[in-house]
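Take a look at the structure below.
Protein chains: 2
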Amino acid sequence: MPEAASKSENLLIGVDLGGTKILAGVFDRSLNCVSQAKMTTKAQRGADGVIERVARCIRDAVDEGDLDLKQVKGIGIGAPGAVDTENGKVIFAPNLQWHDVPLKKALEKDLGIPVFVENDCNICTIGVHEAELGGKPKNMVGIFLGTGIGGGIIINSKLYSGFNKTAGELGHMILEVGGPKCGCGNRGCFEALASRGAIFRRIQTAAKEGQKTVLTEMLGDNWDDMKSGDLRKAIKRGDKFVEKVVEESAEYTGIAVANIINLLNPDTIVLGGGVIEQMEDQMMAIIIETAHDYALDGTAENIEIIASKLGDSAGITGGAVLARRNLS
Amino acid sequence: MPEAASKSENLLIGVDLGGTKILAGVFDRSLNCVSQAKMTTKAQRGADGVIERVARCIRDAVDEGDLDLKQVKGIGIGAPGAVDTENGKVIFAPNLQWHDVPLKKALEKDLGIPVFVENDCNICTIGVHEAELGGKPKNMVGIFLGTGIGGGIIINSKLYSGFNKTAGELGHMILEVGGPKCGCGNRGCFEALASRGAIFRRIQTAAKEGQKTVLTEMLGDNWDDMKSGDLRKAIKRGDKFVEKVVEESAEYTGIAVANIINLLNPDTIVLGGGVIEQMEDQMMAIIIETAHDYALDGTAENIEIIASKLGDSAGITGGAVLARRNLS
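Encoded structure:
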């Protein structure tokens, strides 16, 4: 049971700002989540409209816990794109269609609380590293499989962001020259081979060509509503075709993990995101076996390849970690 | 003109121990090379036989410069494999067929001078970083294309070696799942697509199948003697087929560079090794263009992608840097 948050003057808020939904969580200083709120992003309303919703989601999370905004000392936000962390600006976020949005400044003006902004995959990585693994891994890579694929890198126990602050864009690592087309314009990216989007496209294309799958029955004509959980359910119901597609995705993920082991040789690789959360049992053993197959002899020894338990909360937890770090 | 080395009591020696040849260089403290010696490795003689030759090569280099071994304060050696740098042991070097060889101990006993050992690609990377680029790049990746492909990583201005001390094994990054077979047992590694070995195999296979190339005329039946320089000569003589194969190798190298930019986002990427030394003019423009094509928008901006000028001397220069660093 968390300490009495109702009386604490030291609360933190983590926000996960995604292309489709906003998630806000109130945390105590020990990173226990006290209360949460969630709403749709409505990116089509533009930056001002979305920022207004982020502020509302934060107020809702505070209210949900019978708390007061005055008890909150800092807010950490993960945004889906390239971030100027020093100034808290979102440089470019394709899913939000944002260019140079001063997120920190706008929210601080509205809420009167210090705000810190990071890339969404980086924030998930620091959430897993500090809250889930107690800051123990010295060199760690986080890989998050959802609609797309992103990652974050910890080197010498610190977030590593590189020259253009874009390090960890591992979803666009080429694994298969000439392979399937990716949203980024190239072919054969890890994301185009193993993300939820890639899995869905492969299933949908095959279904159109007459491949039998229980998903046709489960979803009717509403293929656009397909979720990672539906894949798990289809496999549980004995759908060998869906199982094969998910296993292929796990194999590609294992090859990506091997590439990271060969190049960076971290002590820990953590897999997360909706696809892993829903299909850990179907995917992790294959990912680990494939990674060991493809990593050069001796390079993968004793490296931990694990699934995060934080699930959907990785982002808000990382937001709270970011806020705590900047305030201490 | 270097300071008068003949009177210096502060000389350093760098050694590049390869599978086929040993190169030793004497350096002053400003990293000017004073004299050199070279001999074949003769790996078939076993570890003791090779170590005896390394010591002889060092003595020859000293003698070549009319110097005395007593003037040498430290020796840095690059070995082609996994190295326990703390104890100066070569854990595993496939090209030498070495397992757990106490290189430091054996040479120190023979020569009476402190010896420091590193992986060969790491030593080339620190040589380029410190001697060629004045230590300026904060985060840098070195990629060396020779018979095989290896690399080294500098993070926060220091050599980064990772959990199993094997970081930088970028030659075994998978770029093309199901692609050509690699010496490591996998398929589609960068090394199997773009190394000198890969280029030679592709040319030789095509020649056997009737492809016309001036190399048939240049080499007769001695395909095993083919060198990177022969490729350059064939291209200069208008051989479009050889040109195309070399360009393909440059394209794969550009894709590997893009993967590194997406993942690690270093400020500087340096290409080196025999293939680049001989064919910089044919390859670098293609490598840079392909890297920019494949790197995610915004990630490659202002990143330096350059060819090293050190050529064959990168290893011995890095050895001298390693010795200087450990002695200061």
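Read top to bottom, the protein sequences are chains A and B. Here the first sequence stands for residues 1 to 328, where the numbers follow the working numbering. Here the second sequence stands for residues 329 to 656, where the numbers follow the working numbering. Built from N, CA and C at the ideal position, the CB exists for glycine as well.
CB of residue i within 8 Å of CB of residue j, strictly
i	j	result
residue 280 of chain B	residue 563 of chain B	Given that chain B is displayed from residue 329 to residue 656, the structure contains no residue 280 of chain B and the question cannot be resolved.
residue 144 of chain A	residue 272 of chain A	yes
residue 482 of chain B	residue 492 of chain B	no
residue 649 of chain B	residue 359 of chain B	yes
residue 262 of chain A	residue 497 of chain B	yes
residue 584 of chain B	residue 501 of chain B	yes
residue 275 of chain A	residue 308 of chain A	no
residue 382 of chain B	residue 435 of chain B	yes
residue 101 of chain A	residue 90 of chain A	yes
residue 643 of chain B	residue 619 of chain B	no
residue 377 of chain B	residue 370 of chain B	yes
residue 231 of chain A	residue 279 of chain A	yes
residue 117 of chain A	residue 85 of chain A	yes
residue 510 of chain B	residue 520 of chain B	yes
residue 334 of chain B	residue 388 of chain B	no
residue 194 of chain A	residue 157 of chain A	no
residue 592 of chain B	residue 220 of chain A	no
residue 465 of chain B	residue 621 of chain B	no
residue 499 of chain B	residue 507 of chain B	no
residue 225 of chain A	residue 277 of chain A	no
Chain A contact for residue i (CB, 8 Å cutoff)
i	result
residue 595 of chain B	yes
residue 475 of chain B	no
residue 403 of chain B	no
residue 586 of chain B	yes
residue 657 of chain B	Coverage of chain B is limited to positions 329 through 656, which leaves residue 657 of chain B absent and any answer about it impossible.
residue 652 of chain B	no
residue 347 of chain B	no
residue 424 of chain B	no
residue 601 of chain B	no
residue 547 of chain B	no
residue 444 of chain B	no
residue 478 of chain B	no
residue 592 of chain B	yes
residue 467 of chain B	yes
residue 495 of chain B	yes
residue 341 of chain B	no
residue 492 of chain B	yes
residue 647 of chain B	no
residue 626 of chain B	yes
residue 483 of chain B	yes
residue 461 of chain B	no
residue 355 of chain B	no
residue 498 of chain B	yes
residue 569 of chain B	no
Any chain B beta carbon closer than 8 Å to residue i
i	result
residue 328 of chain A	no
residue 255 of chain A	yes
residue 177 of chain A	yes
residue 103 of chain A	no
residue 173 of chain A	yes
residue 331 of chain A	In this structure chain A extends from 1 to 328, so residue 331 of chain A is not present and cannot be described.
residue 144 of chain A	no
residue 288 of chain A	no
residue 184 of chain A	yes
residue 200 of chain A	no
Cβ-Cβ separation, residue j to residue i (assumed contact under 8 Å), whole Å
i	j	result
residue 438 of chain B	residue 407 of chain B	In fact, because the Cβ distance is near 16 Å, the residues do not count as touching under 8 Å.
residue 113 of chain A	residue 75 of chain A	6 Å
residue 73 of chain A	residue 12 of chain A	7 Å
residue 352 of chain B	residue 362 of chain B	Actually they are not in contact, since the Cβ atoms of residue 352 of chain B and residue 362 of chain B sit about 11 Å apart, beyond 8 Å.
residue 627 of chain B	residue 459 of chain B	29 Å between Cβ atoms; not a contact.
residue 141 of chain A	residue 260 of chain A	5 Å
residue 88 of chain A	residue 103 of chain A	6 Å
residue 368 of chain B	residue 349 of chain B	6 Å
residue 451 of chain B	residue 647 of chain B	6 Å
residue 579 of chain B	residue 633 of chain B	Contact doesn't hold; Cβ gap of about 14 Å is too wide.
(message) Under 8 Å, with one C-beta from each stretch per pair, do the stretch 462-481 of chain B and the stretch 517-527 of chain B reach the 3-pair mark?
(response) yes
(request) Run through the stretch 126-172 of chain A for me and flag every whole beta strand (DSSP E) of 3 or more residues, listed as ranges in chain order. (result) 140-145, 149-155, 158-160
(request) Taking only runs that begin and end inside the stretch 551-637 of chain B, name each unbroken alpha helix (DSSP H) of 4 or more residues, in chain order. (result) 556-564, 568-592, 602-622
(message) What ranges does the beta strand (DSSP E) occupy inside the stretch 345-411 of chain B, keeping only unbroken runs of at least 3 residues that lie completely in it?
(response) 349-355, 361-368, 400-407
(request) State whether the stretch 530-545 of chain B contacts the stretch 560-577 of chain B, with contact taken as three or more CB pairs (one from each stretch) at a distance under 8 Å. (result) yes
(message) So within the stretch 497-535 of chain B, which uninterrupted alpha helix (DSSP H) runs reach at least 4 residues, ignoring any that extend past its ends?
(response) 518-522
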